[in-house]
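A.B. asks: Okay, so the sequence shown: first residue is 61 according to the working numbering, each after it adds one.
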Amino acid sequence: MSLSEVLPVVAPVEQAPDAAWADEVRALAQRRNAVVLAHNYQLPAIQDVADHVGDSLALSRIAADVDADTIVFCGVHFMAETAKILAPEKTVLIPDARAGCSLADSITADELRAWKAEHPAAVVVSYVNTTAAVKAETDICCTSSNAVEVVESIPADREVLFLPDQFLGAHVRRVTGRENMHVWAGECHVHAGINGAELTAKAEADPDAELFVHPECGCATSALYLAGAGAVPADRVKILSTGGMLDAARRTRARSVLVATEVGMLHQLRRAAPEVDFRAVNDRASCKYMKMITPEALLRSLRNGTDEVHVAPELAARGRAAVQRMIEIGQPGGGE
Ligand code: 13P
Ligand code: SF4
Numbered sequence: 061m062s063l064s065e066v067l068p069v070v071a072p073v074e075q076a077p078d079a080a081w082a083d084e085v086r087a088l089a090q091r092r093n094a095v096v097l098a099h100n101y102q103l104p105a106i107q108d109v110a111d112h113v114g115d116s117l118a119l120s121r122i123a124a125d126v127d128a129d130t131i132v133f134c135g136v137h138f139m140a141e142t143a144k145i146l147a148p149e150k151t152v153l154i155p156d157a158r159a160g161c162s163l164a165d166s167i168t169a170d171e172l173r174a175w176k177a178e179h180p181a182a183v184v185v186s187y188v189n190t191t192a193a194v195k196a197e198t199d200i201c202c203t204s205s206n207a208v209e210v211v212e213s214i215p216a217d218r219e220v221l222f223l224p225d226q227f228l229g230a231h232v233r234r235v236t237g238r239e240n241m242h243v244w245a246g247e248c249h250v251h252a253g254i255n256g257a258e259l260t261a262k263a264e265a266d267p268d269a270e271l272f273v274h275p276e277c278g279c280a281t282s283a284l285y286l287a288g289a290g291a292v293p294a295d296r297v298k299i300l301s302t303g304g305m306l307d308a309a310r311r312t313r314a315r316s317v318l319v320a321t322e323v324g325m326l327h328q329l330r331r332a333a334p335e336v337d338f339r340a341v342n343d344r345a346s347c348k349y350m351k352m353i354t355p356e357a358l359l360r361s362l363r364n365g366t367d368e369v370h371v372a373p374e375l376a377a378r379g380r381a382a383v384q385r386m387i388e389i390g391q392p393g394g395g396e
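#1: Which residue from Glu212, Ser213, Met241, Glu247 puts its Cα closest to that of Gln226?
#2: Thinking C-beta only, is His251 closer than 8 Å to Leu221?
#3: Alpha carbon to alpha carbon, how far is Ala314 from Ala377? Give it in angstroms, no decimals.
#4: Whose C-alpha, out of Arg330, Val323, Ala147, is nearest the C-alpha of Cys277?
#5: Measure how close the beta-carbons of Val210 and Val185 come, nearest whole angstrom, since I'm counting them as under 8 Å.
#6: Relative to ligand 2, is the shortest distance from any of its heavy atoms to the C-beta of His179 smaller than 7 Å?
#7: Does the Cβ of Val194 lie closer than 7 Å to at least one heavy atom of ligand 1?
#8: From this set, Asp115, Leu318, Ser361, Asp125, which residue's C-alpha is nearest Ala265's C-alpha?
#9: Which term fits Lys348, buried or exposed, when burial requires 16 or more other beta carbons within 10 angstroms of its beta carbon?
#10: Tell me which residues share the same chain as Met61 and place their Cβ nearer than 7 Å to its Cβ, disregarding the 5 neighbours each side in the sequence.
#11: I need the boundaries of the alpha helix (DSSP H) containing Glu335, first residue and last residue.
#12: To which residues does DSSP link Phe133 through a beta bridge?
#13: Would Ile387 pass as an interface residue toward chain D - the criterion being a Cβ-Cβ separation below 8 Å?
#14: Using 10 angstroms around the beta-carbon of Val73, count the other beta-carbons present and answer buried if the total reaches 16, otherwise exposed.
#15: Taking the alpha-carbon positions, what's the Ser19 to Pro224 distance?
#16: Give every residue of the same chain whose Cβ lies closer than 6 Å to the Cβ of Ala309, excluding the five residues on either side of it in the sequence, and list them in chain order.
#17: Measuring CB to CB, does Ala89 end up less than 8 Å from Val371?
#18: Does the count of Cβ pairs from the stretch 349 to 357 and the stretch 128 to 140 closer than 8 Å reach three?
#19: If distances are taken between C-alpha atoms only, which option among Lys195, Pro104, Ile145 comes closest to Asp165?
#20: If you check the beta carbons only, do Ala320 and Ile254 fall under 8 Å apart?
#21: Helix, strand or coil: how does DSSP classify Ser116 here?
#22: Assuming Ile299 contacts Val273 under a Cβ cut-off of 8 Å, what Cβ separation, rounded to an integer in Å, is found between them?
#23: Out of curiosity, what's the CA-to-CA distance linking Arg233 and Glu84?
#24: If you run the structure through DSSP and keep just helix, strand and coil, what is Ala147?
#25: Can you tell me whether Met386 is buried or exposed? The criterion is at least 16 other CB atoms within 10 Å of its CB, across all chains shown.
#26: Could you pull the start and end residues of the beta strand (DSSP E) that Glu270 belongs to?
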């Protein structure tokens, strides 16, 4: 008898979920021996019910190590695919397989093969926000937490192809000073929409605020320009991954912080430092893909074992070394 046949049929949750919903999620997860992972951009209810909440790198590391039969990935599809590549023997579920990513869609495996043919000696560094087919063509993956360390791990005389995010690529090039690094012109529609004009206006209106800026943002350059021009003291501008923002929130002495990333991040920041006033630079910066993981979808996923994520074994085998390199680099006490 399959698990879905023995589990009770539950009426769909239509309103904001309550304690009974959370209890049911926990009970179903226990019955499946499942671990529930949630990215920092998930809806607050999903973050609160998950076993672990984190950024792309932290969640990949957990997926690679976790002792559970099933991983329920509350995030977007490439994240669940990455978990499956790292843990092929486990069942990986995503509550809604339509949860894609505009950044991952900005390069195909064919386009990458053509780019590689133009630079045959280059090392390919792909952001984790890519499909399994692109990872299969990649030498090392990275996330926004360790992109700088990943590029620094490559001998200085080797050309680098960095993809697909142009803003993260520009940030890495600025920090590493690397000139032999080519950057693909992709972008995330949510982060690219957080622009420099809005950031400048908000920073000028609150001169004591710190600025937490995700490197995928179109405004990352403006933030550094503001710092360079002295409009905002340089030590108040922090270019950070979502996990890095949480560490900085716990350490900050500022009373207010302007946050340039997807708005789901505010939930964890406010929990980490309730005394700080965290405000979005753009409160319309919501990722519709992340928000497809609704409370109803999570319950359905745990009840029915849907949507299962599959990665063709041949593609997974070709991408695994690149993803493993990613989880090792920048690891406390390990990697480079
Ligand atoms: P991080 O959690 O790695 O900062 O990634 C942000 C993101 O946009 C994921 O889609
Ligand atoms: Fe992709 Fe952007 Fe959404 Fe992150 S916020 S999942 S990069 S579309």
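Every residue gets a Cβ at the ideal spot worked out from N, C-alpha and C, and that includes glycine.
C.D. replies: In short:
#1: Glu247
#2: no
#3: 46 Å
#4: Comparing Cα-Cα distances from Cys277 to each of Arg330, Val323, Ala147, the minimum goes to Val323.
#5: 6 Å
#6: no
#7: no
#8: Leu318
#9: By the neighbour-count rule (16 or more Cβ atoms within 10 Å), Lys348 is not buried but exposed.
#10: Confidence in Met61 is poor, its pLDDT being 39 and thus under 50, which makes the residue's placement unreliable; the coordinate value appears in the next sentence. Excluding residues within five positions, none has a Cβ falling inside 7 Å.
#11: Per DSSP, Glu335 belongs to no alpha helix (DSSP H) and is neither H nor E.
#12: BP columns for Phe133 point to Leu97.
#13: Absent here is chain D; the protein component of the structure consists of one chain.
#14: Its pLDDT being 44, under 50, Val73 is placed unreliably by the model, and the measurement read from it follows with that caveat. The residue is buried, with at least 16 neighbouring Cβ atoms inside 10 Å.
#15: With the chain covering 61 to 396 only, the question about residue 19 has no answer from this structure.
#16: Leu329, Ala332, Ala333
#17: no
#18: yes
#19: Lys195
#20: yes
#21: Three-state DSSP puts Ser116 in a helix.
#22: 5 Å
#23: 47 Å
#24: coil
#25: Its Cβ being crowded by 16 or more others within 10 Å, Met386 is buried.
#26: Note, Glu270: beta strand (DSSP E), 270 to 273.
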